[in-house]
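Residue numbers (our numbering), protein chains in the order written: chain V, 1 to 457; chain L, 1 to 457.
Below is one structure, written out as C-alpha cells, with a few remarks after it.
Number of protein chains: 2
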Amino acid sequence: MTLPAALVAELSALLGEGWRTDEITRTANGGDDSRRHALPDAVALPRTREQVVALVRACRAHRVPIVARGAGTATTGAAVPTQGGVVVSFARMDRVLEVRAADRCAVVEPGVRNGALQAALQPHGLFWPPDPSSFESCTVGGNLATNAGGPRAVKYGATRDNVLGLVAVTGTGELIRVGGAYTKCSSGFDLTRLLVGSEGTLALIVEATLKLAPRPQAQAGLRAFYRDAASAAAAVSRLMAQPVVPAMLEFMDRRSLELLRRNGSGVPEAGAMLLVEADGSVEALPDILAALGAAADGDGLIDMDVAQDGIARDKLWAARRALSPALRTIAPGKINEDVVVPASRIPELVAGVEALADACALPIVCFGHAGNGNLHVNILYHPDDADESARAQAALPRVFALALSLGGALSGEHGIGLSKRAFMADAFDAATLEAMRAVKRALDPDGILNPGKLLPD
Amino acid sequence: MTLPAALVAELSALLGEGWRTDEITRTANGGDDSRRHALPDAVALPRTREQVVALVRACRAHRVPIVARGAGTATTGAAVPTQGGVVVSFARMDRVLEVRAADRCAVVEPGVRNGALQAALQPHGLFWPPDPSSFESCTVGGNLATNAGGPRAVKYGATRDNVLGLVAVTGTGELIRVGGAYTKCSSGFDLTRLLVGSEGTLALIVEATLKLAPRPQAQAGLRAFYRDAASAAAAVSRLMAQPVVPAMLEFMDRRSLELLRRNGSGVPEAGAMLLVEADGSVEALPDILAALGAAADGDGLIDMDVAQDGIARDKLWAARRALSPALRTIAPGKINEDVVVPASRIPELVAGVEALADACALPIVCFGHAGNGNLHVNILYHPDDADESARAQAALPRVFALALSLGGALSGEHGIGLSKRAFMADAFDAATLEAMRAVKRALDPDGILNPGKLLPD
C-alpha cells in the first residue's frame, strides 16, 4: 500500500527521526525467525506512550495497519507486516522504570530485552521467570505478545502467570490501565491476561508491571534414562504428583538421544531421557533432590546421574543445549512446532510422532518441557529437495491433528501468528472463534492492529 | 417485571420441575451475604449445558435478565437479581466429572461445593488451592465468578491462577470451549481468565478444568508480634523477598489484638501480629521454618512462637478464627471490605485506617492476607443507631480512596457486585471502563447477563 500523504506528514512531525521510510530500516523490520518477510511502508520508533496514542489514532483515521515489533524472534510470522502499513518498533522504549523489590515487581517498557531485565534484577536477588531460549535478544514486549515460556514455566509459570498490570493502547487509540503492583485482584475484567498472548492484535502494550520471584540460593539436577517414552512419561506424572515441584522438567525422545550419541555427547542407549532440575536453599537441596530422584525412579528406568554442584550440572545441561545445533547436522530444514498435550498423553504424542516419521520417511525429533506437556516437534528435511519439503509440509497438519486429538493445543509458547492461523479452526469450534472475533472487534473495531494474524478469516 | 407467557411456557417445558416460580424458591434464591435481597421472577435449575444454552437463547429473545447463582455467599450483592428475571441456580450441576491425577487437574460442574471438591480430591493426594472462609458452603462456580481467594493464595494463587479451561455459555447463547487439561498455552485469546472474576456478566460457566496442587506432607507455623504495623509490614517484605514462599501470611492490626485480648485469647500487648504458615515435607519443614523465622525477625519484633506440631498449630490459628465472631461483640453491624494495596504500602493503609477510625469515631479493625497486600477492613457500627450507620457509610468511600491512592484496588477476593460498583469510576479511568464495556457488549450484546453489576452505568 502507499501511505496517505497526510498521515506521513502527521507521523513524521510527531516522531521526527523516529519516523523511518528508508528501505534499510523497512527491510530490517519486516521479518522474524519464521524466515517470513514483508516490507512495511514505514517504521515508527516511538519514545513515549503519548506518541503511541497519537500514532494509533492517526493510523486509525486512515485505516492503515499497525504491527507491533519487539526483537523479531517470533517463530510464527506474528511480527511480519504482510499487509504493509506501519511497524511500531519498541526499540526506544526499553527502560526498566522501577524495581520494587519489597513488592516483588518491576515496571518496564516493552522494548527492554528479557536478558537486560534479568541483569537489572540480579542485584535485588530477584528474577522474572519467563526464560525463552532467545532471552538474550528477545524483548519483554514480545514475551507478553506470545505468552512466552521456557523450561522454568513448570515451576514458575509462563509470561501470563508473571504479569500484574499493563498500560496499553487499544485499536481505537485509547490508553487503558489495568492491574498494578499487587498480586490479587477481583476488580473488573482481567484485561491484563487477555492482552498477554494476543500477539499485538488487541492493543499495543506500552508499560508492564511484572511479577518477580526471589532467586533461589542454589540449583541441582538429575538426569534419568528410560527404556521408552511411556516409562519416562510415567515418571513425569510421578514427579508432578508429589509436592516438590521441579524447577525444570525436560524430555528428550529416542531420536534426540541417538543424535546426541552420534555427536559424541556420551549418553547411553535409551528410549527417552528426563532432565530434572531442583532449586532451593543449600540446606534443603539434598532432600529436594532425594524426593525428585525417588519420583523419577520406577519401571523402565535404566540409569540416573545426580549433579549436586555447578560443574556437574552444566555438564548435564550441555546435552540439552547441544541438541538444537545438532538437529542441523541431520538436515538443514527444520519445522519446529511446540504443541501441548495433557502431561499424561505424552507417550501417545511421542508414539504418534514416531509413526508419522515412519509414514512420511522423515526424521522427526521430539524434546521439550515435559512438566507442561509442551514438546517441540522438529520435522527435519532438505529444503532443496522438493519431495522432502512437500512431505515435511504435509506432516505438519498431522502433528497438530495428533496434539488436538489428545486434548492438547496448537502452541505452548510460540503463539499462532501466520504459521498456525489456518489450524485455529481445528483447535476451536466456530462459536468460540466467533467469541474471540467479537473481543477483537471490541478493542480494535477497524481491524488495524496486526491484521491477518492469530484468528482465521 | 412479568415474564412473557411464551418464555414461561418454553422454559417450563425445557426444565420441567427445574423451573420454579413459587415464592419460597424465589425468595430463597434472591439474596446473598451482603444482606441485599430482590425477588427474581423465576428460578431455573438446569441439569445440563444444553438446557443452559436453550435457556439463555430463550431469555435473550425476550430480553429477560439472567443471574447466575452458586451458594449465595457473595458479600457484594453480585448474585442479587435487582432487575428481576431468571436466577439460574447451578445446584443441580454439582458433579466432579473427572479427577485426572496424572495431569493434576479436575473437571467439574459449577455447582460443586468447594469443600465437596476438596473431599473428592483428598484420596488422590491433591487439593484445589482457593480456600475462601466459606469453603464448606460456597461453590466452585461462585469462586470462578468472583476470582475468590483465601489465605493460601500467597503461595498457590487465587482462583484465576488455578483454572486451566472453561466451557461457558455467552450472552448470545453460544457454547464456547477454551483451555483444557494443560498448563501452558499460547493459542488464541485467553477467554478463560477473562471469564474468571467477571461475576456472571460475560457468560455462564457450565464446566471448569481446575489446576490442582499436591497436598503438602506437613505444615508448621509461627506467630510473631510486632511493636507496630510498620515493623510487621517490613517483616512481610522480608518474608516475600526470600525464596521460601510462605503457605499463608496473615496480618492482624492493634485493634484485632486488643479484641482478642479482651476475649481472653492470651495474646500479648503488641501493635501487630503476623501468622506465618509453612508447608513441605517432614524433613524440609525445620529448615523452611528457620528461614521464615529468620525473615520474620527484625526491628520491632516483640515475641515469636513456633508451632511444629498439629496441636500447637491449631492453637496458633485459633486466634485468627476467633477474630470474626469477636468483631460482633463490639458492634452488630460490620462493613467488611477487602481492599488490596502493594505489600510495601500496608503500613500506610493501616495508619490511614487508624486515622479514619479516629475521624469517624468508629472502631475499624484490619486483618487479612498480608502477603498479597489484601486486608479486610472492618468498619463496626450499630445499625440501629442512625448516626453511627451514616458515619460508617461515609467512611467506606474513604477506605477505597485510601487504597487507590496507595496504588491498590477495590477488591482482592470478594469482587465488585453492587456494593462497589459506584467506585469503579474511581478505580479505572474512563477509557479503561469503556474498554471493559466494549468486551461486555462483545460477549453479551443485549446486556442480559447479570445487568447492573460490576461495571457502572
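Each residue gets a CB set at the ideal place from its N, CA and C atoms; glycine is no exception.
None of these values were measured; they are calculated from a predicted model.
Start and end residues, alpha helix (DSSP H) containing residue i
i: V:Gln-51; result: 49 to 61
i: V:Asn-114; result: 114 to 121
i: L:Glu-109; result: Careful: L:Glu-109 lies outside any alpha helix (DSSP H) and carries neither H nor E.
i: L:Arg-321; result: 310 to 330
i: L:Gly-141; result: 140 to 146
i: V:Gln-393; result: 386 to 405
i: V:Ile-302; result: First-last for V:Ile-302: 301 to 307, but that is the beta strand (DSSP E), not the alpha helix (DSSP H).
Minimum Cβ-Cβ distance from residue i to chain L less than 8 angstroms
i: V:Asp-131; result: no
i: V:Gly-30; result: no
i: V:Phe-400; result: no
i: V:His-382; result: no
i: V:Gln-308; result: no
i: V:Ala-291; result: yes
i: V:Val-439; result: yes
i: V:Val-112; result: no
i: V:Val-341; result: yes
Beta-bridge partners of residue i, as assigned by DSSP
i: V:Ala-203; result: V:Thr-170
i: V:Lys-334; result: V:Leu-380
i: V:Cys-366; result: V:Val-377
i: L:Arg-100; result: L:Cys-105
i: V:Gln-242; result: Note: V:Gln-242 sits in no beta bridge, so no partner.
i: V:Phe-127; result: V:Ala-213
i: L:Arg-69; result: L:Ser-89
i: L:Arg-160; result: According to DSSP, which records beta bridges pairwise, L:Arg-160 is partnered with nothing at all.
i: V:Leu-194; result: DSSP output for V:Leu-194 lists no bridge partner at all.
Distance between residue j and residue i (C-alpha atoms, nearest Å)
i: L:His-382; j: L:Arg-391; result: 11 angstroms
i: V:Asp-385; j: V:Leu-443; result: 44 angstroms
i: L:Asp-358; j: L:Ala-351; result: 11 angstroms
i: L:Phe-424; j: L:Val-96; result: Checking the sequence, you will find Met at residue 424 of chain L rather than Phe. Cα to Cα, L:Met-424 sits roughly 35 angstroms from L:Val-96.
i: L:Glu-388; j: L:Ala-331; result: 10 angstroms
i: L:Gly-70; j: L:Leu-202; result: 16 angstroms
i: V:Leu-121; j: V:Ala-102; result: 13 angstroms
i: V:Gly-197; j: V:Pro-451; result: 15 angstroms
i: L:Ser-231; j: L:Ser-256; result: 16 angstroms
i: L:His-62; j: L:Gly-30; result: 21 angstroms
i: L:Asp-299; j: V:Ala-233; result: 49 angstroms
i: V:Gly-417; j: V:Ile-448; result: 15 angstroms
i: V:Asp-446; j: V:Gly-171; result: 7 angstroms
i: L:Gly-280; j: L:Ala-218; result: 6 angstroms
i: L:Phe-135; j: L:Arg-254; result: 28 angstroms
i: V:Ala-401; j: V:Arg-262; result: 31 angstroms
i: L:Lys-453; j: L:Lys-440; result: 11 angstroms
i: V:Gln-83; j: V:Asp-338; result: 26 angstroms
i: V:Gly-72; j: V:Ala-326; result: 24 angstroms
i: V:Pro-46; j: V:Ala-403; result: 40 angstroms
i: V:Pro-132; j: L:Arg-100; result: 29 angstroms
i: V:Ala-208; j: V:Ser-186; result: 19 angstroms
i: L:Ser-137; j: V:Ile-66; result: 50 angstroms
Start and end residues, beta strand (DSSP E) containing residue i
i: V:Met-93; result: Segment: none, V:Met-93 is in no beta strand (DSSP E) and carries neither H nor E.
i: L:Tyr-182; result: L:Tyr-182 -> no beta strand (DSSP E), and no H or E assigned at all.
i: V:Asp-279; result: 272 to 280
i: L:Glu-10; result: From DSSP, L:Glu-10 is part of no beta strand (DSSP E) but of the alpha helix (DSSP H) over 5 to 15.
8 angstroms Cβ cutoff, residue i in contact with chain V
i: L:Asp-228; result: no
i: L:Ala-74; result: no
i: L:Phe-135; result: no
i: L:Ser-344; result: yes
i: L:Ala-79; result: no
i: L:Gln-242; result: yes
i: L:Glu-50; result: no
| field | Short-range partners of chain L found in the region 361 to 375 of chain V, where Cβ spacing is below 9 angstroms | value | Flagged, chain order: His-369, Gly-371, Asn-372, Gly-373, Asn-374.
| said: Taking beta-carbon pairs under 9 angstroms, can you tell me which members of the region 137 to 157 of chain L lie near chain V? | reply: Thr-146, Asn-147, Ala-148, Gly-149, Ala-153, Val-154, Gly-157
| task | Give the residues from the region 94 to 110 of chain V that approach chain L closer than 9 angstroms (Cβ to any Cβ), ordered along the chain. | result | Arg-100, Ala-101, Ala-102, Asp-103, Arg-104, Cys-105
| said: Please list, in chain order, the residues of the region 186 to 203 of chain V that have any C-beta partner in chain L closer than 8 angstroms. | reply: Ser-186, Ser-187, Gly-188, Phe-189, Asp-190, Leu-191, Arg-193, Leu-194, Val-196, Gly-197, Ser-198, Leu-202
| query | Which of the residues in the region 165 to 178 of chain L, read from start to end, lie with their CB under 7 angstroms from any CB of chain V? | reply | Thr-170, Glu-174, Leu-175, Ile-176, Arg-177, Val-178
| message | If the cut-off is 8 angstroms on Cβ atoms, which residues from the region 323 to 335 of chain L count as contacting chain V, listed in chain order? | response | none
| field | Interface positions of the region 201 to 222 of chain V facing chain L (Cβ-Cβ less than 9 angstroms), listed along the chain | value | Contact residues of the region 201 to 222 of chain V toward chain L are Thr-201, Leu-202, Ala-203, Ala-213, Pro-214, Arg-215, Pro-216, Gln-217 (C-beta to C-beta distance below 9 angstroms).
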